[in-house]
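**Student:**
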DNA sequence: CATCTATTTGGCTATTTTGCCAAATATAAA
DNA sequence: TTTATATTTGGCAAAATAGCCAAATAGATG
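Residue numbers (the working numbering), protein chains in the order written: chain A, 1 to 108; chain B, 1 to 108.
(1) Do you know whose CA, among 105/B, 27/B, 64/B, lies nearest residue 17/A's CA?
(2) If we define contact as Cβ-Cβ less than 7 angstroms, is residue 39/A a contact residue for chain B?
(3) Nearest chain B C-beta to residue 33/A closer than 7 angstroms, yes or no?
(4) Do residue 78/B and residue 67/B have their C-beta atoms within less than 7 angstroms of each other?
(5) Using a Cβ cut-off of 8 angstroms, pull out every chain B residue sitting near residue 82/A, in sequence order please.
(6) Within 7 angstroms (strictly less), CB to CB, does residue 62/A reach chain B?
(7) Where residue 64/B and residue 35/B are concerned, what is the direct C-alpha to C-alpha distance, given to the nearest angstrom?
(8) Quick one: using the 10 Å Cβ neighbour count with 16 as the cut-off for buried, is residue 12/A buried or exposed?
(9) Under a Cβ-count criterion, where at least 16 other Cβ atoms within 10 Å of its own Cβ denotes burial, should residue 74/A be classed as buried or exposed?
(10) Taking residue 19/B as the query, report the chain A residues whose CB atoms sit under 7 angstroms from its CB, ordered along the chain.
(11) Look up residue 70/A in the DSSP assignment and say whether it is helix, strand or coil.
(12) Counting only runs of 4+ residues fully inside the region 15 to 89 of chain A, write out the alpha helix (DSSP H) ranges in chain order.
(13) Report the option in 25/B, 82/B, 19/B whose CA atom is closest to the CA atom of residue 9/A.
(14) Do residue 87/B and residue 91/A have their C-beta atoms within less than 7 angstroms of each other?
(15) For residue 2/B, go through chain A and note every residue whose CB falls closer than 9 angstroms to its CB, in chain order.
(16) Can a CB atom of chain A be found closer than 7 angstroms to the CB of residue 109/B?
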């Protein structure tokens, strides 16, 4: 009972979105943008990486449709396009907490 | 205003969880396990990949704490440990729908 | 126009991820 | 014990990702 092409494509599309979130720096960026829009240089200061690296992370998130940009003068401001991605954090914390509990249980 | 080590570690931990989900096959597996537990060979039939590949995907999900396993006889049954990951799907569909809308808008 | 600042992109290397095959392991059954 | 089935693991090669530097681009300002 192998998957048809259409179903496969659907999962691939979903994975692309999630993959865009699957990086520490990009999670931090999303977290920051949840509060307010930021320009690239502000995010570089927060992240501490080379600005070209930050720009690449931003383009990955933008490409996935998670954030959007607006150029104002010489700066580019990024903001969260789909706030529901913030719901990920709650569940992720949940998983981490469960894992920690399990760790304790194993050690005992 | 660069990040401290602790904060960095927190985002890294979160990213590890999300990365475990960031693959089409693994999303399919999570989706299936949401309905009921499955043994590896059932999942292999659904996925269509080599069984060693499926096993590796399962170990990644298990390692992240998203699924758990139980050996019964010669088979290993996997089940969802943290159902809240299913909430991801709703938001991901949301993003995909928004992206499609934007596509339409651009074409017009 | 020349220059400055902010951002993106090309190009490169190092690292990680993927997926297969073959071999190892574990349990059940003959 | 031998055999068969289910699963995991080692090892490899191909592909994708990450992050840096340097160069290109774009807008603002003198």
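Cβ coordinates follow ideal geometry from the N, Cα and C atoms, glycine included.
**Tutor:** For this structure:
(1) For this step, residue 17/A is matched to residue 17 along the first chain. It is 27/B.
(2) What you label residue 39/A is simply residue 39 of the first chain in a count that begins at 1. So, not an interface residue.
(3) What you label residue 33/A is simply residue 33 of the first chain in a count that begins at 1. With 7 angstroms as the cut-off, residue 33/A does not count as an interface residue toward chain B.
(4) What you label residue 78/B is simply residue 78 of the second chain in a count that begins at 1. What you label residue 67/B is simply residue 67 of the second chain in a count that begins at 1. Closer than 7 angstroms, so yes.
(5) Here residue 82/A refers to the residue found at position 82 of the first chain. Correct list: 91, 94, 95, 98.
(6) By 1-based counting over the first chain, the position of residue 62/A is 62. Residue 62/A does not count as touching chain B.
(7) One-based indexing of the second chain puts residue 64/B at position 64. One-based indexing of the second chain puts residue 35/B at position 35. Spanning the two alpha carbons is a distance of roughly 20 angstroms.
(8) Working through the first chain from its first residue, we reach residue 12/A at position 12. The residue in question, residue 12/A, is exposed, as its Cβ has fewer than 16 Cβ neighbours within 10 Å.
(9) Translated into the one-based positions of the first chain, residue 74/A becomes position 74. By the neighbour-count rule (16 or more Cβ atoms within 10 Å), residue 74/A is not buried but exposed.
(10) By one-based count along the second chain, residue 19/B stands at place 19. Residues of chain A passing the Cβ test: 22.
(11) Your numbering for residue 70/A matches position 70 in the first chain. Strand, per DSSP.
(12) 24 to 35, 40 to 47, 51 to 64
(13) Along the first chain, one-based indexing puts residue 9/A at 9. For the residues 25/B, 82/B, 19/B, the minimum Cα distance to residue 9/A belongs to 25/B.
(14) Here residue 87/B refers to the residue found at position 87 when the second chain is read from its first residue. Here residue 91/A refers to the residue found at position 91 when the first chain is read from its first residue. A contact, by the Cβ cut-off of 7 angstroms.
(15) Here residue 2/B is taken as the residue at index 2 of the second chain, counted from 1. Near residue 2/B (Cβ distances below 9 angstroms), the residues of chain A are 45, 46, 47, 48.
(16) Here chain B comprises residues numbered 1 to 108, so residue 109/B is not present and cannot be evaluated.
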